[in-house]
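Quick notes on the structure that follows.
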Amino acid sequence: MLSWAGIVGLALAWVFLLPYYNPVPWLGWSLLGFGTAASVASWVLSREKRGHGQGFRPYLLCAAPLAVLAAMMPFPESTGLIVLAVGLVLTAAPKRLGEIGNGLAFAGLILTIQAAWLPIHVVLEARYHHLSALEPLVKLALSAFPLKAAVGGRGILVQTPGYQFSIATTMEKINILMLVLVYLGGLTAILTSGTRVRRSLRQALRLLWVLGVYFAARYLLLLMVFPTVRNIGVFWRPEWVLGTFLPLALVPVAALTGYGRGLGVSQEVQAVRSEADSALEEPGTQGSRRPSMSSRLLVAASCFTLVFAIGFHDPGALKPGRVMIDEYHSNWEKTTEPYTTEWYGEDSGYNYYSLASYMEDYYTVSKNLDSPITDELLAAQDVLVLKTPTSAYSQEEIDAVFRFVRQGGGLLLVGDHTNVFGTSTYLNPLAERFGLHFNHDGTYDLATDGLSIYEDRSVFPHPTVRRLGRFMFATSCSLRAPLLSAGAITGYGIKSLYLDYSRENFFRTDAPDFDKDYGLLLQQVALQSGRGRVVAFTDSTVWSNFFMFIPGKWELAEGALSWLNRRNVLAWAPWALLAVAAAGAAALLLRSTRGIAVVDPLGLALALGFAALAILSARGLDSLSYAPPAKIAHATTEIAFESEHSNMLIPSETIFIDPSSAYHVFYTWTQRVGARPRMASLPEAVKCDMVVLANITSPFGSRDLARIREYVESGGSLLVLHGNGSDDSAANRVLNMFGLAVEDPRNGFIMDLRGGTIQRFVPVYSVAGGTPLLHDSFGRAAAASASVGERSGEVIVFGASSLFSDAFMGTTSTIPDETIRSIYDLEFYLIQLRREVKTDHEQTSG
Amino acid sequence: MNTRFIDQVFSWLAHSQRSSVAWLPAALIAIGAFTGAVGGGFGLKRKGLLPSAMSALAGGLVVCLLILELPGWIHPSPKTPFGGGSAVIDRSHFPSFSGGDVWGAEGLAGLHHNILRNQLLPIQMEAFDPNALSRAETLFIIGPQMPYTPSEISEIERFVMDGGRLIVSAGWEEKRGVESLLDRFGMSIEPIPFGRFAVDTGSGVVEMPKAWPIAVQDPAASLCLTKWDKPVVVTRMLGRGRITVIGDSMFLLNPNIETVSGYSIGNIQFLRAHAFSSAAH
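Residue numbers (our numbering), protein chains in the order written: chain A, 1 to 846; chain B, 847 to 1127.
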């Protein structure tokens, strides 16, 4: 009972620790502690009953490679490896502590085996939510109760006298994750109990049957409860998950399945182990029990090949980089209208001009404005971008695109939430040729209902998301994709709300009892087809002008295009590697059946070490193959907003930011004068044409100060915005290096470029030194510049940075009145000033 | 549940109590008590007081029950069908409206009130009942999610041929439920989401919350409401009756017709013209 309770505790711990559904870390860790303690206690008690042997001690050697592997895994998925490694180390301790180490190693082994399932589960659940085959059975079971039910709609329709609802039977509602994790835990216990194979198999089948009955009963219970509580959260809320799974720990599984009462090692196995142990201790006496070095190397090589096959991404052959954006079928997110200082409003924001302009820095970009898509049109292209279509593609066009991909072309499909403007309807006939489907839904964070954040958690990130950090979606749809496609972005902890055609842009207002898929959903898929490649992305808004250079967005575009601009050359390689690994495993099995020992602790340690090496190799290959592309155009000004010492908010992880501290408009408006803004640390920032220090709040160290000085003296441009919660002394430490200072703050007005007053009352610092550029209503210099060094470096200081906050600049959809426009002009002046100075200097030098 | 209760109350009130049987309950109680007493006395001699008394009492009650209910089972009081006109709302095929929260956003209380205002009795049909149809003047089918069987469709067709008015309110999302039914009448719903829109028909503004266009084969069909040259409400005559298809499963729900605090007069007039008027449109 104790051992089973431990297994249930460990499995349940994963459900609350992992971010797939509704994580509750404290509960997860508590359950993990309970599960581990129960497993250790069970082990110790069992050993006391059945006698002591070496347990896991011979495997002490494996602790080191396990620790290395743990360091490569995401946390908390690596927990099992850590516990296992610690347990193995403790086995070396004498007596009771050694036994505890054995128990810990056993718990770690269960956790590791459970963790090994997680990537497989992510792939399966993200692709196969609906278990529609089970629905007739569920309906049959419900009809035994006073519930009128029918299979229909998007699942099962259930009608009670005063209420009716539709509910789909899905993997997450049944909680297949928990089912598999518990089963794997039980299976580990069965296999390590040392029972004979046939008996173990019988026990394993019985365990599956017991769990099947329990999970079916739980699901039916929740369905029966649903009409009363009317909240779909019963399937994922922690109290319901805990409440419905804790009783599983009390199920007399050992009695029902007949597997070893306790988790001890049977005498039978102990006998075998003792034999093996003695063989280890006395080499030469029983040589056949000791694997040969060739066997060990074969185990290690097979392990390396298997892991490398899993992590391998075809480097492909680089193509010339000719990208075509199709405008002919799209009148949304257009690339044709320049994002200038004269065009404002919502349409100017929901526009891909900045994306196209960014692409032009790296690729040869063309736009299809007026032609149907044909083979001839695509003949001279390497990548085709089909974004937010608002009209249908003809069958001939679909065929042409399909052929283009099969022959080596890259295809980027950009959809959006809730089939808005019919984007999914128009993309799907083409997407379905590749097994893809844009669903008619919108995705949101499950816990907060807000915009979802994605951060890659995979051991082998897909090349399209290698440089992606934390990424905020702006409401995507979800995708259906084939099993063998790459879920480049498999969102977790999110929910999918089916669209509502009666609402604006078809956004559904969620209701507690509205059925929804949740958990793992595909938000970007990459697949190889023939010699070509396809990327399907589900949230067009993230590349709109107002989001394009928010952290994560341009990196995603860069990753997708870089991957698509390659022709497949080694698409077969993973299969070949898997075949080699399988052949190795088969050879080992053959040796084993002949009574030749094939694995021992040393061999296992070698294999683990080679697995770590395979991970490093696959990642290294990706780094080499998918390095950032080289620029082919250098005309744009790169503006870096220093992120570690400055106080400015942009909507990188939430759109609900305090407007008085937000500089989203200022940041985005730099694009209107042809610049590319980005957030960067100082070492990265000084590689750009201009560095903005907005509201310095923490002092730079001497090394950083030297770096800033060197940057300016070598011709760089520094813009210091001061006055909105900034630290005066920290700012002056920077400015004093260039003979400038900010002082004497007062509340006042700034004079605009035409000599008038900008009617916004803001804190203004007087700028001392340099050449005055702007004045405040007191006649003091509110902005000044100083030229530095022979290479015409420039420092510009503006002492009223509040004026550039969103509180005064509005939003990226604001159509400015005269006052706001004068603030905008001020920004454009300060950003462009540097460019003019530089141009003048270059002309003079010339 | 509620209708059955009301039915029983009014049945009881409507039937005058014959004086000849007024004494029956008192007599039965007396018989029960007598039986109990006899049984109790018998039990005292044999088994003990409490078990015997209890069994005697239970036996007496069973006898009373049998005597009281037996006439009703053998010869139940005749049910008199409602003599006035009725409008049937089908709830037998998992419709899109809520049967419980009648004044909620997915309820039909507004429709019920309008049916009553037009001198008809609203009847919610929980199980498909041809008898209920045969007595109705109007049948409402609102966003069914389960398809009708061929025999049910034939019953509905017969209902229309005999002069009934059929109102189908469904969109593409309920296609599965209405496809075979509409197909019988030469109509289908097209997968083009028009979403929410309003049209001034001249006699009021009609609002469609979630409209879908309808394809209709009959050239004589009347296109009552169109958007982008595609009909979203179609009426066609069949036999002595009329079929009106509204390509919107939300059209008849409370927020679009009438709530406790407001109403949409254009939609109400539109509904009256198609569901309750005998004139063709």
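Where is the CB? At the ideal position from N, CA and C, for every residue including glycine.
With a 10 Å radius around its C-beta and 16 neighbouring C-beta atoms as the bar for buried, classify residue i as buried or exposed.
i                      : result
residue 262 (chain A)  : Reliability fails at residue 262 (chain A), whose pLDDT of 43 lies under 50, so the model's placement of it is uncertain and the value that follows must be treated cautiously. By the 10 Å Cβ count, residue 262 (chain A) comes out buried.
residue 831 (chain B)  : Outside the displayed range of chain B (847 to 1127) lies residue 831 (chain B), so it cannot be described from this structure.
residue 397 (chain A)  : buried
residue 631 (chain A)  : exposed
residue 874 (chain A)  : Here chain A comprises residues numbered 1 to 846, so residue 874 (chain A) is not present and cannot be evaluated.
residue 682 (chain A)  : buried
residue 701 (chain A)  : exposed
residue 478 (chain A)  : buried
residue 1055 (chain B) : buried
residue 634 (chain A)  : exposed
residue 1007 (chain B) : exposed
residue 860 (chain B)  : exposed
residue 218 (chain A)  : buried
residue 93 (chain A)   : exposed
Closest by CA to residue i, which one among the options?
i                      : options                     : result
residue 67 (chain A)   : A:460, A:609, A:504         : A:609
residue 725 (chain A)  : A:237, A:830, A:769, A:647  : A:647
residue 751 (chain A)  : A:9, A:762, A:742           : A:762
residue 760 (chain A)  : A:544, A:338, A:778, A:808  : A:808
residue 775 (chain A)  : A:249, A:746, A:624         : A:746
residue 721 (chain A)  : A:702, A:143, A:668, A:831  : A:831
residue 689 (chain A)  : A:794, A:153, A:733, A:80   : A:794
residue 1106 (chain B) : B:948, B:1003, B:1091       : B:948
residue 1101 (chain B) : B:1072, B:957, B:880, B:977 : B:957
residue 819 (chain A)  : A:797, A:345, A:757         : A:757
residue 315 (chain A)  : A:563, A:223, A:183         : A:563
residue 567 (chain A)  : A:582, A:532, A:153         : A:532
residue 728 (chain A)  : A:717, A:627, A:764, A:669  : A:764
residue 82 (chain A)   : A:62, A:97, A:213, A:476    : A:62
Run through chain A and tell me which residues come within less than 9 Å of residue i, C-beta to C-beta.
i                     : result
residue 825 (chain B) : Residue 825 (chain B) lies beyond the range of chain B shown here (847 to 1127); nothing can be said about it.
residue 946 (chain B) : 160, 161, 162, 163, 164
For a contact meaning CB atoms closer than 7 Å, what does residue i contact in chain B?
i                     : result
residue 159 (chain A) : 940
residue 442 (chain A) : Neighbours of residue 442 (chain A) on chain B: none; closest Cβ ~15 Å, over 7 Å.
Taking residue i as the query, report the chain A residues whose CB atoms sit under 8 Å from its CB, ordered along the chain.
i                      : result
residue 1033 (chain B) : Result: empty, since nearest Cβ-Cβ is about 20 Å, beyond 8 Å.
residue 1093 (chain B) : Neighbours of residue 1093 (chain B) on chain A: none; closest Cβ ~11 Å, over 8 Å.
residue 1007 (chain B) : Residues of chain A passing the Cβ test: none, with the nearest at roughly 28 Å.
For residue i, which residues from the same chain have a beta carbon less than 6 Å from its beta carbon, with the 5 sequence-adjacent residues on both sides left out?
i                      : result
residue 15 (chain A)   : 178
residue 455 (chain A)  : 470
residue 530 (chain A)  : 406
residue 556 (chain A)  : 468
residue 894 (chain A)  : Nothing can be reported for residue 894 (chain A), as the shown portion of chain A is limited to 1 through 846.
residue 1046 (chain B) : none
residue 1076 (chain B) : 1059
residue 147 (chain A)  : 158
residue 986 (chain B)  : 935, 1013
residue 968 (chain B)  : 933, 958, 961
What residues from chain A crowd round residue i, counting only those whose CB sits closer than 7 Å?
i                      : result
residue 1042 (chain B) : 502
residue 1022 (chain B) : 152
Excluding five sequence neighbours on each side, which residues of the same chain lie with their C-beta closer than 7 Å to the C-beta of residue i?
i                      : result
residue 303 (chain A)  : 607, 610, 611
residue 675 (chain A)  : 636, 637, 639, 831
residue 1074 (chain B) : none
I'd like the list of long-range same chain contacts for residue i, defined as Cβ closer than 8 Å, with 5 residues on each side in sequence excluded.
i                     : result
residue 678 (chain A) : 549, 551, 554, 638, 639, 640, 641, 688
For this session: Scan the segment 1045-1074 of chain B for residues whose Cβ lies nearer than 7 Å to a Cβ of chain A and list them as they occur along the chain.
Result: 1055, 1056
Exercise. Between the segment 158-179 of chain A and chain B, which residues of the former have a C-beta closer than 9 Å to a C-beta of the latter?
Worked result: 158, 159, 160, 161, 162, 163, 164, 166
Exercise. Listed from N- to C-terminal order along the chain, which residues in the segment 146-157 of chain A have their beta-carbon within a distance smaller than 7 Å of any beta-carbon of chain B?
Worked result: 150, 152, 153, 157
For this session: Scan the segment 971-1005 of chain B for residues whose Cβ lies nearer than 9 Å to a Cβ of chain A and list them as they occur along the chain.
Result: 972, 991, 992, 993
Problem set entry | Residues of the segment 1092-1126 of chain B with Cβ closer than 7 Å to any Cβ of chain A, in chain order | 1096
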